[in-house]
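Engineer: Have a look at the structure that comes next, please.
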Amino acid sequence: NAGVTQTPKFQVLKTGQSMTLQCAQDMNHEYMSWYRQDPGMGLRLIHYSVGAGITDQGEVPNGYNVSRSTTEDFPLRLLSAAPSQTSVYFCASGHRGRSYNEQFFGPGTRLTVL
Amino acid sequence: GDSVTQMEGPVTLSEEAFLTINCTYTATGYPSLFWYVQYPGEGLQLLLKATKADDKGSNKGFEATYRKETTSFHLEKGSVQVSDSAVYFCALSADYGQNFVFGPGTRLSVLP
């Protein structure tokens, strides 16, 4: 059981470049989400999905796209990177249906946009 | 909307000192409450949780009690160790397991 995996661990982009952050989980979780973590601001929800084919926006969705074609994978796409997107990105997953269900986090991707 | 407030850090303690990190929340309905811990260079991991009023969550010597009357979920540990140095996040979930709301985090440093 690998849990939640994220690739890459580190990435440096130039302004305007695009890239995809990968996230996968092997726990058959319905719910998956992406957060960004910035100093002094905690975790902010970017996008989430409650199942394959269903996605929705979180608190800070601008500049990011997601899709959920399978239960296991939930990639995050940056279409045209900006310096404001320099951050640490965490993917998380969990079961739906009960508020007491915890979320499981991946190790994070540290992104720098120059 | 729902929100979580935590005491500002950083918090610096000596080994074996008593720890309290305050957390209060605002939510409609009856949320579940969580404490997550993030060690340097790692993702968040669940430390403890409580799902209803007066529940006490505990793990690794840490405790927190769900106080509905004061909308609080303060984290405590009687004797901290250097290995407890980390960032601690209070969080709530009030939407059938979707859309956690996290506090800003409190950085704890424990000195030998």
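Just so you know, the protein sequences line up as chains A and B, in that order.
Numbered per my numbering, the first sequence finishes at 114, counting up by one with no gaps.
Numbered per my numbering, the second sequence finishes at 226, counting up by one with no gaps.
Glycine included, every Cβ here is placed at the ideal spot set by N, Cα and C.
Owing to the predicted nature of the structure, the values given are computational and were not obtained by experimental measurement.
1. Tell whether a beta-carbon distance below 9 Å holds between Thr165(B) and Leu147(B).
2. Taking contact to mean at least 3 C-beta pairs separated by less than 8 Å, is the region 121-128 of chain B in contact with the region 96-111 of chain A?
3. Could you check what DSSP says for Gln152(B) in three-state terms: helix, strand or coil?
4. Are Ser67(A) and Pro75(A) close, meaning C-beta to C-beta below 9 Å?
5. By how many angstroms is the C-alpha of Met32(A) removed from the C-alpha of Gly53(A)?
6. Taking the Cβ atom as the reference point for each residue, do Gln58(A) and Ser80(A) lie within a distance shorter than 9 Å?
7. Residues of the region 143-165 of chain B in Cβ contact with chain A at a cutoff of 9 Å, in chain order, please.
8. Quick check: what's the CA-CA separation for Arg181(B) versus Val50(A)?
9. CA-CA distance, Phe214(B) and Tyr139(B)?
10. Considering only residues of the region 24-79 of chain A, which uninterrupted beta strand (DSSP E) runs meet the minimum length of 3 residues and lie entirely inside it, listed in chain order?
11. Who are Lys170(B)'s beta bridge partners in DSSP?
12. Closer than 7 Å by beta-carbon distance: list the chain A residues that pair up with Pro218(B), in chain order.
Structural biologist: According to the structure shown:
1. Going by C-beta atoms, Thr165(B) is nearer than 9 Å to Leu147(B).
2. Result no; under three Cβ-Cβ pairs closer than 8 Å.
3. It is a strand residue.
4. Closer than 9 Å, so yes.
5. Looking at the backbone, the Cα of Gly53(A) and that of Met32(A) are separated by about 12 Å.
6. Residue identity check: residue 58(A) is Gly in the sequence provided, not Gln. The answer is no: Cβ separation not under 9 Å.
7. Within the region 143-165 of chain B, the residues whose Cβ lies closer than 9 Å to some Cβ of chain A are Gly143, Tyr144, Pro145, Ser146, Phe148, Tyr150, Gln152, Gly155, Glu156, Gly157, Leu158, Gln159, Leu160, Lys163, Ala164 and Thr165, listed in chain order.
8. Roughly 30 Å between the two C-alpha positions.
9. So the alpha carbons of these two residues sit roughly 12 Å apart.
10. Runs of the beta strand (DSSP E) lying entirely within the region 24-79 of chain A, each at least 3 residues long, are 31-38, 42-51, 54-57, 64-66 and 76-78 in chain order.
11. Partner(s): Thr179(B).
12. The answer, in chain order, is Gly40, Met41 and Gly42.
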